[in-house]
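Residue numbering for the sequence shown follows my numbering, starting at -3 and increasing by one per position.
For glycine and all other residues, C-beta sits at the position ideal for the given N, C-alpha and C.
See below for the structure under consideration.
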Amino acid sequence: MTGRAGGRRATPQEIGARMKGERRVLLAVHENPDGDALGSIVAAGLVMEQLGVAWTGFVPGREPFPPELTWLPRLGDLVRGELPEAGDATLYTLDCASAARFGGEGVGAQFWVNIDHHPDNPLYGDFNLVDAGASSTTQILHGVLRAADLPLNAEIGTCLYVGVVTDTGRFQFSNTTPQAHRMAADLQDLGVDVHEVYRHVYENVPIAKVRLNRRAFENLRLLLDGRLAVSVLSVKDFRETGAEPGYTEGVIDGIRTIAGVRVAALVRERLTPTGTPELRVSLRSTDGKIDVSDIAHTWGGGGHVRAAGYTFHGRTEEGIAQLEREVAARQ
Ligand code: AMP
Ligand code: MN
Ligand code: MN
């Protein structure tokens, strides 16, 4: 996909100035939202509220949000399902590597602001603030708020913190930059209670998710002499554990910890409404030497070098065999 005609990169100051002048905005994030997506959209909505700007937030899909994130403010205000008409509102897309990620191909927004940290983002907006070096989209948003002196309080800060703490794997992944720590320190100074966030996000796991995690370990396959670890969660696994689709967030982090694993994969089976099998595949590169976004692109997916995903239309065994070939070709 190419960028929008006349679109260009914009500075945090320019984006901040634009936010101050808005009357109405439509905010959108990617489907199957994670902590960064939900943290970004809610933080941006709260900032708009403080500025007196009318806002609508949109999250594609109808599946419930991951349970560890349901305590975030304003989630009940978010529109689900189909993208609302933008009308005269400025569209802000957050944490979306492409328009397809929020179901917005052919969207008719008069002005489009693209804030993201995916390296494969093709700068599809009129204003693009895309920084692949940023740990999270909330970190970029934090930069905008600080650069343009926009409202920032403990509630907004908590949402921003959720994005950075989840996307950095609790400040452990390779995207944990000094700036990510500086942002966290700034947010703590504002009154963000990091232990409280930890309690909500990491010590509030539904027992069905614990059981799903156990299934993920039980179903583990070590391929390519243990360099590729694949776990499959079947429709039956979800049914028998009572887990919802959103319960898989973070499950792959257990798989990636296994010694010798260079690529970890979590394969979620799904039956589409028409009854054809579909796999949602999450990939992680542990040492960063195999670019998993490159593998994900093979099937029209995307992501980062070390964390990517795609949807495979076909049967599970075929999907795993093809994945194994793609990883083997890149060793
Ligand atoms: P996940 O495995 O869902 O946690 O996603 C890891 C990374 O890959 C995130 O940056 C996602 O935005 C990206 N990603 C996941 N699925 C897709 C997809 N189908 N298309 C493009 N990017 C994806
Ligand atoms: Mn995300
Ligand atoms: Mn992100």
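Query raised in the report: Hey, would you say T173 sits closer than 7 Å to S227, going by beta carbons?
Result: Not in contact: T173 and S227 (Cβ atoms no closer than 7 Å).
Query raised in the report: Taking 6 Å as the line, does the beta carbon of S281 fall inside it for any heavy atom of ligand 3?
Result: no
Requested in this report: Could you check the C-alpha separation between R195 and V288 for me, to the nearest Å?
Outcome: 31 Å
Query raised in the report: Taking C-beta to C-beta, are P273 and R311 nearer than 7 Å?
Result: yes
Requested in this report: Count the other C-beta atoms from every protein chain shown that fall within 10 angstroms of the C-beta of K232, then say buried if there are 16 or more, exposed otherwise.
Outcome: Counting Cβ neighbours within 10 Å, K232 comes out exposed, since fewer than 16 surround it.
**Report entry** Contacting residues, own chain, Cβ-Cβ under 7 Å from T(-2) (five flanking each side not counted)
**Finding:** Legend: pLDDT at T(-2) = 49, less than 50; position of this residue unreliable, value from coordinates given subsequently. So the list reads P118, once near-sequence residues are dropped.
Query raised in the report: In terms of residue numbering, what span does the alpha helix (DSSP H) encompassing D290 cover?
Result: 288 to 293
Report task. Look at the alpha carbon of G41 and the alpha carbon of V263, and state the distance between them as a whole number of angstroms. Result -> 33 Å
Query - Nearest neighbour of V323, chosen from E314, D290, E313 [CA to CA] - result: D290
Query raised in the report: Do you know how far the Cα of D122 is from the Cα of R0?
Result: 6 Å
Report task. In the DSSP assignment, find the alpha helix (DSSP H) that holds V140 and state where it starts and stops. Result -> The continuous alpha helix (DSSP H) containing V140 extends over residues 133 to 143.
Requested in this report: For ligand 2, enumerate in chain order all residues having a CB closer than 5 Å to any of its heavy atoms.
Outcome: D30, D32, A33, D91
Requested in this report: Work out the CA separation of E10 and D185 for me, nearest whole Å.
Outcome: Straight-line Cα distance between these residues: approximately 26 Å.
Query raised in the report: Got a sec: does ligand 1 put a non-hydrogen atom nearer than 6 Å to the Cβ of G305?
Result: yes
Query raised in the report: Going by the beta-carbon positions, is the gap between G53 and L74 smaller than 7 Å?
Result: yes
Query raised in the report: Among residues of its own chain, excluding the 5 on either side of V21, which ones have a beta-carbon nearer than 7 Å to its beta-carbon?
Result: M44, V49, W51, A85, T86, Y88
Query raised in the report: If we call anything under 7 Å between Cβ atoms a contact, is P60 one with E240?
Result: yes
Query raised in the report: Between E199 and E192, what straight-line distance do the alpha-carbon atoms span, to the nearest angstrom?
Result: 10 Å
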